[in-house]
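So the protein lines, in turn, are chains W and B.
Numbering of the first sequence is given in our numbering, commencing with residue 71 and proceeding in unit increments.
Numbering of the second sequence is given in our numbering, commencing with residue 22 and proceeding in unit increments.
Note sheet for the following structure.
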Amino acid sequence: GIQVEQSPPDLILQEGANSTLRCNFSDSVNNLQWFHQNPWGQLINLFYIPSGTKQNGRLSATTVATERYSLLYISSSQTTDSGVYFCAVDVNTGFQKLVFGTGTRLLVSP
Amino acid sequence: NAGVMQNPRHLVRRRGQEARLRCSPMKGHSHVYWYRQLPEEGLKFMVYLQKENIIDESGMPKERFSAEFPKEGPSILRIQQVVRGDSAAYFCASSPPGGGTEAFFGQGTRLTVV
Numbered sequence: 071g072i073q074v075e076q077s078p079p080d081l082i083l084q085e086g087a088n089s090t091l092r093c094n095f096s097d098s099v100n101n102l103q104w105f106h107q108n109p110w111g112q113l114i115n116l117f118y119i120p121s122g123t124k125q126n127g128r129l130s131a132t133t134v135a136t137e138r139y140s141l142l143y144i145s146s147s148q149t150t151d152s153g154v155y156f157c158a159v160d161v162n163t164g165f166q167k168l169v170f171g172t173g174t175r176l177l178v179s180p
Numbered sequence: 022n023a024g025v026m027q028n029p030r031h032l033v034r035r036r037g038q039e040a041r042l043r044c045s046p047m048k049g050h051s052h053v054y055w056y057r058q059l060p061e062e063g064l065k066f067m068v069y070l071q072k073e074n075i076i077d078e079s080g081m082p083k084e085r086f087s088a089e090f091p092k093e094g095p096s097i098l099r100i101q102q103v104v105r106g107d108s109a110a111y112f113c114a115s116s117p118p119g120g121g122t123e124a125f126f127g128q129g130t131r132l133t134v135v
């Protein structure tokens with residue numbers, strides 16, 4: 071099956087710093103989503119981005135489908151950005167059978 | 022516009038009891054998915070259902086686990102004779118019909134087996 075790897079596995083930032091999270095996948099995909107799992111365990115949709123670039127406030131994401139990777143950019147990080155960031159892909163099943171990556175655990179300190 | 026609703030948020034069961042987890046999809050969504058997240062791991066697909074039909078259950082354990090999405094009412098994930106290894110967070114997601122669409126997740130049910 072498809073492999074989804076994220077890097078780095080852990081990241082510690084000072085408040086205000088910028089960061090880039092990476093998601094590599096081993097096969098072509100129909101769908102790619104980024105999620106933030108906050109410290110209370112809730113999964114929050116960040117981006118639905120099978121290709122191209124999107125921005126939402128301090129967050130932006132780029133997926134280069136032909137090269138099988140996606141990047142999530144966090145600018146001017148805040149303590150509320152702490153948590154685990156997952157990318158998840160759907161391998162052309164025709165529905166949302168998502169395969170989740172290994173996650174990047176982010177801690178933003180004040 | 023309510024999101025995906027799961028209940029209960031927390032569930033404690035003794036070994037050997039049954040656990041029932043409920044999920045109501047977003048309005049207008051006819052596809053429901055269940056995922057399991059073991060401690061310190063990512064989410065793993067369990068089952069995909071449409072109304073009255075199980076479409077893909079390739080991620081479901083072969084025994085003790087079952088899922089349904091009746092014509093009326095929420096989707097139910099049922100775990101019979103729970104064991105300690107079933108302790109996990111169970112998430113439900115929903116999406117509109119068709120592929121290439123975004124899935125939205127509920128807040129999850131955290132099952133603890135004691």
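Yeah, the Cβ is synthetic: ideal placement off N, Cα and C, and Gly gets one too.
Just so we're clear, the structure is a prediction, and the values are computed from it rather than from any experiment.
Close to W/Asn115, with beta-carbon spacing below 9 Å, are these residues of chain B in chain order: Glu123, Ala124, Phe125 and Phe126. Residues of the segment 43-59 of chain B that bring their beta carbon within less than 8 Å of a beta carbon in chain W comprise His52, Tyr54 and Tyr56, in sequence order.
In this structure, W/Ser96 sits away from W/Gln125, with a CB-CB distance that is not shorter than 8 Å.
Per DSSP, B/Gly94 lies in no beta strand (DSSP E) and is assigned neither H nor E. As computed with DSSP, B/Ser45 is found in a beta bridge with B/Met26.
For the set B/Gln128, B/Gly63, B/Tyr69 and B/Gly37, the Cα lying nearest the Cα of W/Trp110 is the one of B/Gln128. Taken in chain order, the members of the segment 72-91 of chain B whose beta-carbon sits within less than 9 Å of a beta-carbon on chain W are Ile76, Asp77, Ser79 and Gly80. As the crow flies, the alpha-carbon of B/Phe125 is around 26 Å from that of W/Leu81. Inter-residue distance for W/Val154 and B/Leu64 is about 12 Å (C-alpha atoms, whole angstroms). B/Arg105 sits in a helix when the DSSP states are folded into three classes.
Relative to the Cα of B/Lys92, the nearest Cα in the group B/Arg105, B/His52, B/Phe86 and B/Arg99 belongs to B/His52. The shortest C-alpha to C-alpha distance from W/Leu102 to any of B/Met67, B/Thr133, B/Arg34 and B/Thr122 is the one to B/Thr122. Excluding sequence positions up to five before and after B/Glu39, its CB lies within less than 8 Å of the CB of Arg99, Ile100, Gln101, Gln102 and Val103, all in the same chain and listed in chain order. Counting along the chain, B/His52 sits inside the beta strand (DSSP E) bounded by residues His52 to Gln58. Contacts with chain B at 8 Å (Cβ-Cβ) do not include W/Lys124. B/Pro46 is classed as buried because its beta carbon has at least 16 other beta carbons within 10 Å across all chains shown. Interface with chain B (8 Å Cβ-Cβ cutoff): W/Gly173 is included. By the CB criterion at 8 Å, B/Ala88 and B/Ile97 fall inside the cutoff.
Under a criterion of Cβ atoms nearer than 9 Å, the residues of chain W adjacent to B/Ala114 are, in order, Leu113, Gln166 and Leu168. Under the Cβ distance rule, B/Leu70 does not count among the residues neighbouring chain W, no pair being separated by less than 8 Å.
W/Asn100 sits close to W/Val161, with the two beta carbons spaced by under 8 Å. Put simply, the CB of W/Phe95 is far from chain B, with every gap to its CB atoms at 8 Å or more.
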